[in-house]
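Visitor: In our numbering, the protein residues as written are 4 to 356. Glycine is no exception: its CB is placed at the ideal position from the N, C-alpha and C atoms.
1. Which first and last residues belong to the alpha helix (DSSP H) in which residue 114 is found?
2. The beta strand (DSSP E) with residue 172 in it runs from where to where?
3. Is it the case that the region 104 to 123 contacts the region 196 to 211, given that we only count it when at least three CB pairs across the two stretches are under 8 Å?
4. The ligand NAP and residue 180: does any heavy atom of the ligand fall closer than 7 Å to the residue's C-beta?
5. So residue 74 is in the alpha helix (DSSP H); what residue range does that whole segment cover?
6. Taking 7 Å as the limit between beta carbons, can you name the residues of its chain near residue 69, skipping five residues before and five after?
7. Starting from residue 246, trace the alpha helix (DSSP H) both ways and give me its first and last residue.
8. Under the three-state reduction of DSSP, which class applies to residue 308: helix, strand or coil?
9. Cα separation between residue 107 and residue 329?
10. Please identify the residue among 171, 296, 343 and 96 whose C-alpha is closest to the C-alpha of residue 122.
11. Do the CB positions of residue 147 and residue 283 come within less than 8 Å of each other?
12. Between residue 249 and residue 268, what straight-line distance do the alpha-carbon atoms span, to the nearest angstrom?
13. For residue 14, which residues in the same chain have their Cβ closer than 7 Å to its Cβ, ignoring the five residues on either side in sequence?
14. Taking all protein chains shown into account, decide if residue 151 is buried (16 or more other Cβ within 10 angstroms of its Cβ) or exposed.
15. Label residue 338 either buried or exposed according to how many other C-beta atoms from any shown protein chain fall within 10 Å of its C-beta, with 16 as the threshold for buried.
16. Determine, using beta carbons only, whether residue 310 and residue 63 come nearer to each other than 8 Å.
17. Could you give the C-beta distance for residue 247 and residue 180, rounded to a whole number, given that I count them as a contact under 8 Å?
18. Excluding the 5 residues preceding and the 5 following residue 55 in the sequence, name in chain order all residues of the same chain whose CB lies nearer than 6 Å to its CB.
19. Answer with buried or exposed for residue 271, where buried requires no fewer than 16 other C-beta atoms within 10 angstroms of its C-beta.
20. Spell out the partners DSSP gives residue 140 in its beta bridges.
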């Protein structure tokens with residue numbers, strides 16, 4: 004009887020094309036000049052997911068009031084933020100683009116894009132279309148999902164690729180605020196400052212959103228109460244931005260060993276007279292000082308790159324508010340920027356999206 008023929012295990016099919024990786028941050032003006040800042044504000048605020056009112060009302064509000072009057076003030080602040088390498092948000096994005104490309108290797112093509120201004124999502128996708136990609140992975144640089152940030156990136160990408168004759172498989176990263184390496188990245192930065200000083204309170208300040216947007220995202224129309232509903236993250240509130248922020252704080256608190264009663268979660272950068280999610284950071288700070296907090300370590304875990312909202316708002320404006328109220332030592336924890344653990348986080352997100 005003939006011996007059976009043994010065949011080696013079939014090799015894993017090799018991809019015939021590359022994987023495109025589009026990393027997307029919010030955006031920044033091309034320069035701190037008033038015209039460029041005004042141009043940026045107009046594109047940003049005309050997004051229907053950012054200011055979700057009817058088009059005509061939004062057009063009149065943005066072009067008749069906000070952009071003309073806010074641009075000169077914002078330009079002055081952007082000049083404070085600008086460095087020799089330009090906007091920190093864009094600079095760190097370019098570094099991350101190179102480092103992530105190096106870490107992922109030749110089977111991937113990494114492109115940086117901004118939701119608003121340059122480099123644009125359109126330019127990045129145009130470059131990918133010419134490559135004959137096997138698949139596309141889109142990584143919005145927003146740890147917590149929100150319609151005005153991650154949702155807007157999704158919408159823009161889909162609006163562009165819907166016109167393609169051949170659409171590759173597309174995978175989106177929805178959120179990563181609970182990714183162990185993301186948490187550890189901020190924890191490492193926090194430990195650095197905790198080793199240098201004793202802090203009596205820890206503030207976790209997140210970008211704010213209008214309460215109306217949170218309500219619109221409540222699929223149950225009953226869970227969101229802007230209170231105890233954010234005490235845990237579960238199936239019914241997993242896409243609630245506020246609930247995700249509180250969950251981020253809880254994970255960082257555990258990683259850093261911060262005792263109960265020694266930390267606060269708050270929200271910044273509100274615009275207009277409508278109620279935004281609370282508590283407001285600029286109201287929390289004097290209250291903390293009044294309760295005896297003289298040394299505060301401040302985190303901004305809604306941002307992965309230093310920008311206006313971290314360096315200027317939290318790092319300088321809130322420091323001034325804190326000291327004016329009687330505080331003694333205020334320290335901002337910088338963003339992940341181009342740190343090795345942030346690159347490791349992105350590699351994991353790309354490969355497991």
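Guide: Working from what's here:
1. Numbered from its first residue, the chain shown carries residue 114 at position 111. Counting along the chain, residue 114 falls outside any alpha helix (DSSP H), though it belongs to the beta strand (DSSP E) covering 111 to 119.
2. Here residue 172 is taken as the residue at index 169 of the chain shown, counted from 1. It spans 172 to 175 - the beta strand (DSSP E) in which residue 172 sits, taken as one unbroken run.
3. With the cut-off at 8 Å, the region 196 to 211 and the region 104 to 123 do not touch.
4. No copy of the ligand NAP appears in this structure; indeed no ligand is present at all.
5. Your numbering for residue 74 matches position 71 in the chain shown. Where residue 74 is concerned, the enclosing alpha helix (DSSP H) starts and stops at 70 to 84.
6. Here residue 69 corresponds to residue number 66 of the chain shown, with the count starting at 1. Cβ contact annotation for residue 69 (same chain, cutoff 7 Å, sequence separation greater than five): 44 and 48, in chain order.
7. Residue numbering aside, residue 246 sits at position 243 when the chain shown is read from its first letter. Its alpha helix (DSSP H) spans residues 244 to 259.
8. The residue given as residue 308 occupies position 305 in the chain shown. In the structure shown, the three-state DSSP call for residue 308 is coil.
9. Here residue 107 is taken as the residue at index 104 of the chain shown, counted from 1. Here residue 329 is taken as the residue at index 326 of the chain shown, counted from 1. Rounded to whole angstroms, residue 107 to residue 329 spans 49 Å at the Cα level.
10. In the chain shown, counting from the first residue as 1, residue 122 sits at position 119. In this structure, 96 is the residue among 171, 296, 343 and 96 with its C-alpha nearest to the C-alpha of residue 122.
11. The count along the chain shown starts at 1 and reaches residue 147 at position 144. The count along the chain shown starts at 1 and reaches residue 283 at position 280. No, the Cβ-Cβ distance between residue 147 and residue 283 is not below 8 Å.
12. The residue you call residue 249 lines up with position 246 of the chain shown. The residue you call residue 268 lines up with position 265 of the chain shown. Those two C-alpha atoms are separated by around 7 Å.
13. Walking along the chain shown from the start, residue 14 turns up at place 11. For residue 14, the predicted model reports a pLDDT of 47, less than 50, meaning its position is unreliable; a value from the coordinates is still stated below. So no residue of the chain qualifies.
14. Position 148 of the chain shown holds residue 151. Result: buried.
15. For the purposes of this step, residue 338 is identified with residue 335 of the chain shown, where counting begins at 1. Residue 338 comes out buried.
16. Sequence index remark: in the chain shown, residue 310 carries index 307 (1-based). Sequence index remark: in the chain shown, residue 63 carries index 60 (1-based). Contact flag unset, no.
17. Here residue 247 corresponds to residue number 244 of the chain shown, with the count starting at 1. Here residue 180 corresponds to residue number 177 of the chain shown, with the count starting at 1. Contact annotation, residue 247 with residue 180: C-beta distance approximately 5 Å; criterion of less than 8 Å satisfied.
18. Within the chain shown, the letter at position 52 stands for residue 55. Excluding residues within five positions, none has a Cβ falling inside 6 Å.
19. The residue labelled residue 271 in the question sits at position 268 within the chain shown. Buried.
20. Position 137 of the chain shown, counting from 1, holds the residue named residue 140. Answer by DSSP bridge pairing, in chain order: 24 and 174.
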